[in-house]
Amino acid sequence: MSTKPLYLYDSYLKEFEAKIQHATGNQVILDQTAFHPLTGGVAYDTGYLTKGNLKYKVMRVEINKDTKEIIHIIEEGADLNQGEFVKGILDWERRFKLMQLHTAAHILAAIMYRDYNALITGGQVDPEHAKLDFNLPRTDREIFEAAVEKATKEASKSIQLKIYFLARDEALRMPGVVKLAERMPPQEKELRIVEIPSIDLQADGGPHVKNTNEIGEIILLKIENKGKNQRRLYFDVK
Ligand SMILES: [Zn+2]
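All letters in the sequence shown, in the order written, are residues 9 to 246 by this note's numbering.
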């Protein structure tokens with residue numbers, strides 16, 4: 009039985025209650041969860057599951073792409089059993105940083121495409137930093153410095169994000185809605201659309217900030233050449 013992914017509907021949900029569907033060893037599957045699994049280029053959440061006075065650390069969260077079950081990997085020796093109710097508590101500092109970096113990544117990718125014709129070929133958002141891969145023949149650092157500066161400026165305009173669901177056919181007719189061919193959304197009836205008005209719009213399942221003014225300043229950490237036309241940009245926010 010699939011897990012209801014609460015994080016798709018509310019990125020700011022920090023605590024929730026759920027029923028244990030399945031518990032084996034250190035793996036727990038709940039009927040619903042706010043813990044974002046490692047998927048879509050965004051890192052997993054950590055935090056706790058509590059039952060009464062008992063509190064167990066959630067070390068890592070994964071998704072079974074076939075069954076849509078979200079698997080919480082918890083610390084060893086937890087007394088959690090099928091049918092019991094637990095409360096989930098996210099490590100909010102970590103999650104919020106992922107949200108800031110993720111929304112910043114969308115803005116940066118949009119600017120790299122708009123101003124430098126650079127297509128994004130991959131990316132990963134981790135709590136320490138985010139990285140984006142671009143198809144770009146030029147290697148000048150100035151391009152990335154300018155793009156990061158522009159992205160910070162866009163973010164400072166306090167743009168309210170719009171997150172909504174659209175019928176799959178309708179969504180796929182919108183230009184640019186799927187930026188990464190290999191991230192073509194799975195065969196679902198509805199797609200979740202993340203829109204940063206006037207900047208970016210795409211089908212996306214990850215957590216984002218509500219307003220771009222929550223991102224702060226975007227900082228270029230380093231640029232790597234990963235082969236012909238492949239540039240990797242590392243950045244952080246503060
Ligand atoms: Zn995204």
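No residue lacks a Cβ here, since even glycine has one placed at the ideal position from N, Cα and C.
>> Please state whether the Cβ-Cβ distance between Lys22 and Leu109 is less than 8 angstroms.
In response: no
> Below 8 angstroms, can you find three or more Cβ-Cβ pairs linking the segment 138-157 to the segment 171-189?
Replying inline: no
> What are the complete beta strand (DSSP E) segments, minimum 3 residues, inside the segment 122-161?
Replying inline: 127-133 and 138-143
>> So the candidates are Ser10, Met9, Thr11 and Tyr15; which of them puts its Cα closest to the Cα of Tyr172?
In response: Tyr15
>> Less than 7 angstroms separating the Cβ of His137 from some heavy atom of ligand 1?
In response: no
> If we call anything under 8 angstroms between Cβ atoms a contact, is Met120 one with Ala155?
Replying inline: yes
> So, is Asp18 buried or exposed, given that buried needs 16 or more other C-beta atoms within 10 angstroms?
Replying inline: exposed
>> If you measure between the beta carbons of Tyr64 and Tyr56, is that distance less than 8 angstroms?
In response: yes
>> Tell me which residue opens and which closes the beta strand (DSSP E) that Arg240 is part of.
In response: Gln238 to Val245
> When you compare only the Cα positions, how much space is there between Pro45 and Ile71?
Replying inline: 6 angstroms
> Since Val133 contacts Gly224 with CB under 8 angstroms, what's their CB separation in whole angstroms?
Replying inline: Contact flag wrong, Cβ pair sits at about 15 angstroms.
> Cα-Cα, which of Val66, Leu209, Val202 and Val94 is closest to Arg122?
Replying inline: Leu209
> Thinking just about the alpha-carbon of each residue, which of Lys105, Phe142 and Ile79 is nearest to the one in Lys236?
Replying inline: Phe142
> Three or more C-beta pairs closer than 8 angstroms, one from the segment 26-42 and one from the segment 73-88: is that the case here?
Replying inline: yes
> What are the complete alpha helix (DSSP H) segments, minimum 4 residues, inside the segment 71-132?
Replying inline: 100-124
>> Looking at the strands, I want to know which residues DSSP matches up with Pro183.
In response: Pro183 pairs with nothing; no bridge assigned.
> For the beta strand (DSSP E) that Gly55 lies in, which residues bound it at each end?
Replying inline: Gly55 to Lys59
> Does the beta-carbon of Phe93 have 16 or more other beta-carbons within 10 angstroms, so that it is buried, or is it exposed?
Replying inline: exposed
> Roughly how many whole angstroms lie between the Cα atoms of Ile231 and Pro135?
Replying inline: 18 angstroms
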